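One structure is given below, encoded as structure tokens.
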DNA sequence: GCGGATCAC
DNA sequence: TATGGTGATCCGC
Ligand SMILES: Nc1ccn([C@H]2C[C@H](O)[C@@H](COP(=O)(O)OP(=O)(O)OP(=O)(O)O)O2)c(=O)n1
Ligand SMILES: [Mg+2]
Ligand SMILES: [Mg+2]
């Protein structure tokens, strides 16, 4: 097995990954209006570029935007931009979160990070204040040249889909244990939750929240441990479906993937109806013998009904409709789920998964033969899907559901950035479509909160907020200032977002660059214990590396003190390593230095990690893009 | 290359 | 009582 990443001599070639600043639209002139209050005064309006250029008053008013509530600590607050988090009593939930955390070492560390962030923002506001109108005007000219190029290059020819399973781990657990279906539940442990179901989200319980806080928010919360093997199995079933529509689809995690449907949609045009026909088993099928074709709304209803979780009445996948409800009125699923034959059955809860019919949404070829069991005689409902993108995506979701008993949501758009945002729009069990035209894109982008965009996280969102930017419209209005305040990479990303641009080609999976193992444990401080832990981690890492036939040129250790401060130390070695001994030799040395550094205080840790990384790879000759021209 | 920070899931 | 694990990227040295 040839170890990879060793620096072998030759071995160059390899792709060039196409950065592809695709995209673009009609230029739009700015005309702002809706500045957020913080910026209204502080920014130069585009129409009169010589206006007053910002002042630090912008900073003070903006940074006090957290005036609501406790003042600081926005970083610990509930993020209401995530699916299932709409319309909650944020005030109350944040209060509980704060009270549960206050005084803890974790909290103190969060405070420290918050202060640090405030410092960064303050520095940014100072820079902003020092920008002259001339500079701003000049920046605007530069940026607008880029805008022109970007817009000119806009590629609306692709149909990109982002598909994401709903409450994934939680949904799997609910599927396999019906007792959980009508309860607020989360997956993980008392220390940390990986995700929660939508019922629990109503209480503010969410991923990355400690279980004990979840319990405070929702005393009835049921917490079940993770079963990664099951999630992996389901994931592979889902991928089997996706692959049939785009063999080059790109999984981003166990529960989501991007697909490019462009080519498939061409083929689809000539796909006979039989091959777009599927059967669904529902209890109604068994009772009423009608099996007429269903219309779109009916299909959506079926998607809703067959959901193997709480029933969400009136769920619609129509891109124009919203999901509101999904309140408490829960009802057992009406479906009678069936197993796909070649699929390992869920390990528990078999009683709710009757074996009566082995296959529902089987592939057309199989299904077409009405021999044996067969849907027709059983009165299974027949579903015919159309040929446009929305129909194909409904079909995909339908097949996923029939095969896994789980629901998925999807976004359909001309690029990956938009598709990703769209897949969250009608979650759970919904889809959203942005047609390939500029107007539709701009309309969608207009009021889109920047925080919803992939890559804009808590920190960036807060920095932008300090500038009065919360929506993509603001982003466009402030493009000049942004190009001056942020790095070329960041500001070009923001600009692309503002224009509704994103990647239009799905890149094939790149080889991994690192592998790591880390563990949290109850406090350790004795050197002997620390070295032993380090040894265990290196052993585990070496095994993982060897399992994949990989080696690393840089070995690092990661340490988290009991106060949650994180340190990383690394060393690059002349020859790639993969064995336990080679790795530990390096790691031990790094750990020794840290222990000595602390002396005579003990090094008190709550986590340790070990990793092996590949040597940084020379990036292929970058074709000079407009961005390079302007920014480098 | 290193280390801290951010982001996603 | 109690706040995760894995991988990637960016930034400023
Ligand atoms: N901080 C996180 C976020 C997610 N996950 C895991 C559990 C999730 O079930 C799975 C998928 O992540 P999603 O962000 O897609 O969240 P869900 O699928 O749970 O919910 P939904 O997609 O409906 O919002 O990844 C995790 O372990 N830790
Ligand atoms: Mg999901
Ligand atoms: Mg996901």
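Numbering (my numbering), first residue to last: 512 to 1143. For each residue, glycine too, the CB sits at the ideal point set by N, CA and C. Because the structure is a prediction, the values reported are computed rather than measured.
By the 10 Å Cβ neighbour count, where 16 or more other Cβ atoms means buried, how is residue i classified, buried or exposed?
i, result
"residue 927", "buried"
"residue 626", "exposed"
"residue 778", "exposed"
"residue 587", "buried"
"residue 1074", "exposed"
"residue 1093", "buried"
"residue 1128", "exposed"
"residue 1026", "buried"
"residue 701", "exposed"
"residue 925", "buried"
"residue 731", "exposed"
"residue 933", "buried"
"residue 938", "buried"
"residue 603", "exposed"
"residue 1064", "buried"
"residue 1155", "Shown here, the chain extends from 512 to 1143; a query on residue 1155 therefore has no answer."
"residue 936", "buried"
"residue 1090", "exposed"
"residue 998", "exposed"
"residue 1058", "exposed"
"residue 1079", "exposed"
Under the DSSP definition of a beta bridge, which residues are partnered with residue i?
i, result
"residue 1118", "1031, 1071"
"residue 756", "DSSP output for residue 756 lists no bridge partner at all."
"residue 954", "Partner(s): none; residue 954 has no beta bridge."
"residue 1079", "1069"
"residue 1088", "1063"
"residue 769", "673, 761"
"residue 920", "675"
"residue 643", "Looking at the DSSP assignment, residue 643 forms no beta bridge with any residue, so it has no partner."
"residue 982", "960"
Taking 8 Å as the limit between beta carbons, can you name the residues of its chain near residue i, skipping five residues before and five after?
i, result
"residue 948", "667"
"residue 775", "756, 757, 903"
"residue 1076", "620"
"residue 743", "765"
"residue 622", "583, 584"
"residue 1045", "1068, 1095, 1098, 1099, 1102, 1119, 1121"
When DSSP labels each residue in this structure, what does residue i get in the three-state scheme?
i, result
"residue 960", "strand"
"residue 944", "strand"
"residue 593", "coil"
"residue 892", "strand"
"residue 788", "strand"
"residue 1127", "coil"
"residue 1112", "coil"
"residue 1104", "helix"
"residue 584", "coil"
"residue 667", "coil"
"residue 976", "helix"
"residue 689", "helix"
"residue 949", "helix"
"residue 781", "coil"
"residue 911", "helix"
"residue 933", "helix"
"residue 967", "coil"
"residue 1096", "helix"
"residue 938", "coil"
"residue 1058", "helix"
Grab me the residues of residue i's own chain with a C-beta within less than 6 Å of its C-beta, minus the 5 sequence neighbours each way, in chain order.
i, result
"residue 911", "749, 752, 919"
"residue 962", "592, 972"
"residue 725", "697, 704, 716, 732"
"residue 957", "984"
"residue 1005", "986, 993"
Using C-beta distances below 7 Å, list every residue in its chain close to residue i, excluding the 5 sequence neighbours before and after it, in chain order.
i, result
"residue 1042", "1099, 1102"
"residue 1115", "1034, 1036, 1072, 1073"
"residue 772", "670, 672, 756, 757, 900, 903"
"residue 612", "587, 618"
"residue 964", "928, 932, 1008"
"residue 895", "784, 787, 788, 804"
"residue 601", "589, 591"
* To do: Quick one: which unbroken beta strand (DSSP E) runs of 3-plus residues sit fully inside the segment 692 to 763? Chain order, please.
  => Segments of the beta strand (DSSP E) lying fully in the segment 692 to 763: 696 to 699, 704 to 707, 733 to 735.
* To do: Tell me the start and end of each unbroken alpha helix (DSSP H) in the segment 596 to 630 that is at least 4 residues and wholly inside, in chain order.
  => Those alpha helix (DSSP H) runs which fall completely within the segment 596 to 630 and span 4+ residues are 601 to 612.
* To do: Entirely within the segment 985 to 1043 and at least 4 residues each: give me those alpha helix (DSSP H) ranges in chain order.
  => Fully contained in the segment 985 to 1043 are the following alpha helix (DSSP H) runs of length 4 or more, in chain order: 990 to 996, 999 to 1009.
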